[in-house]
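Encoded as structure tokens, the structure appears first; notes follow it.
Protein chains in written order, with the working numbering: chain D, 1 to 108; chain W, 109 to 351.
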């Protein structure tokens, strides 16, 4: 990516982020939103987060999809820890430690 | 104004103090962002500018990851917009409390309205004496802002010394997983997450990273459809009360 494109991403990201945060603080009339938009807002975060993380867990660098391997197993362990404890740091640490253990057991 | 109202400086300090536990948790994210941005090929100035100007943790990680994958700038900006749409919910929730504040206050509060600032200040806004609650919010928001800038800078300076065999790139999907879990509050939310994940895996070959956008739009549609099937009336005050 060229430097100009990187700056475009930074400035564009700034504008859209500030716009969402400022939206109702500036114009406090949420009841005027279309119904689909109002209902859809709360599904955006789970949909986006899952859409980003799933390929990073299951797609190898070669482009092949792998459902049983160090990364999928580590992610499942992290999900279980996160679900049980509701603690982000335990989940991330548990997932990383699982990955390290599995990688040391299965030298590629 | 009631005579027992706390002074602005007391409100400010109380907001900053109640943010401390969250600050500690955020430091590794900032460190990791600074390191990752350099690894992807950004300059130190560009990396710090992300934190200075965008100031949104998940969106910054996603931007840098999409830059690494060679996505088009317009796709990245659109993705950032979608990720940050949840802030419109926070904004709507805060709106009734700030209607009478001057524009400059609202402009600053909007800038500082992160997930964490919203989470820390929400209990304060549930109490009765709200005369100077905006000073509390300012203390919370500025503490988080300073922490994010400093931890990013530290990541830029120290982060590139981490060896590749530690697979620290995997901390990124794990971070998103940790952020995802609190969102899975009911069946439609689960459906939106599962659909988003499966569709983005299926559509990942689309050019410019468009598969992500398409997957998210369809997944949100599935969530809305399921919710409307189970609860035809619009949720009362949903836009006001996200928690």
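Glycine residues also receive a C-beta, built at the ideal position from the N, C-alpha and C atoms.
Own chain, CB closer than 6 Å to residue i, minus 5 neighbours either side, in chain order
i, result
"residue 174 of chain W", "184 and 317"
"residue 346 of chain W", "Because residue 346 of chain W carries a pLDDT of 45, less than 50, the predicted location of this residue cannot be relied on, and the following value inherits that uncertainty. So the list is empty, once near-sequence residues are dropped."
"residue 81 of chain D", "90, 91 and 94"
"residue 334 of chain W", "296 and 299"
Own chain partners of residue i with C-beta closer than 7 Å, once the 5 adjacent residues on each side are dropped
i, result
"residue 344 of chain W", "Caution applies to residue 344 of chain W, whose pLDDT of 48 falls short of 50 and renders its modelled position unreliable; the value that the coordinates give is listed next. Around residue 344 of chain W: no qualifying Cβ."
"residue 280 of chain W", "169 and 173"
"residue 306 of chain W", "none"
"residue 177 of chain W", "317"
"residue 74 of chain D", "95, 98, 99 and 102"
"residue 320 of chain W", "187 and 308"
DSSP-derived helix/strand/coil call for residue i
i, result
"residue 65 of chain D", "strand"
"residue 59 of chain D", "strand"
"residue 142 of chain W", "helix"
"residue 312 of chain W", "coil"
"residue 4 of chain D", "helix"
"residue 17 of chain D", "helix"
"residue 221 of chain W", "coil"
"residue 177 of chain W", "coil"
"residue 230 of chain W", "helix"
"residue 86 of chain W", "With chain W covering only 109 through 351, there is no way to say anything about residue 86 of chain W."
"residue 339 of chain W", "coil"
"residue 166 of chain W", "helix"
"residue 197 of chain W", "helix"
"residue 9 of chain D", "helix"
"residue 41 of chain D", "helix"
Cβ shell of residue i (< 8 Å), same chain only, five flanking positions each side left out
i, result
"residue 206 of chain W", "213, 214, 217 and 242"
"residue 130 of chain W", "224, 227, 228 and 252"
"residue 298 of chain W", "292"
"residue 97 of chain D", "none"
"residue 10 of chain D", "none"
Cross-chain neighbours of residue i in chain W, by beta carbon under 8 Å
i, result
"residue 62 of chain D", "Correct list: empty, because the minimum Cβ distance to chain W is about 13 Å."
Host alpha helix (DSSP H) of residue i (start-end)
i, result
"residue 94 of chain D", "88-105"
"residue 71 of chain D", "70-85"
"residue 192 of chain W", "181-192"
Chain-ordered neighbours of residue i on chain W, where CB pairs are closer than 7 Å
i, result
"residue 5 of chain D", "181"
"residue 55 of chain D", "308, 309 and 312"
Interface residues of chain D facing residue i [CB-CB closer than 8 Å]
i, result
"residue 275 of chain W", "96, 99, 100 and 103"
Residue i CB to nearest heavy atom of the ligand FAD below 8 Å
i, result
"residue 92 of chain D", "Ligands are entirely absent from the displayed structure, and the ligand FAD is therefore not among its contents."
Interface partners of residue i on chain D, CB under 7 Å
i, result
"residue 157 of chain W", "10"
Using a Cβ cut-off of 9 Å, which residues of the stretch 211-229 of chain W contact any Cβ in chain D, in chain order?
211, 214, 215, 217, 218, 219, 220, 221 and 222
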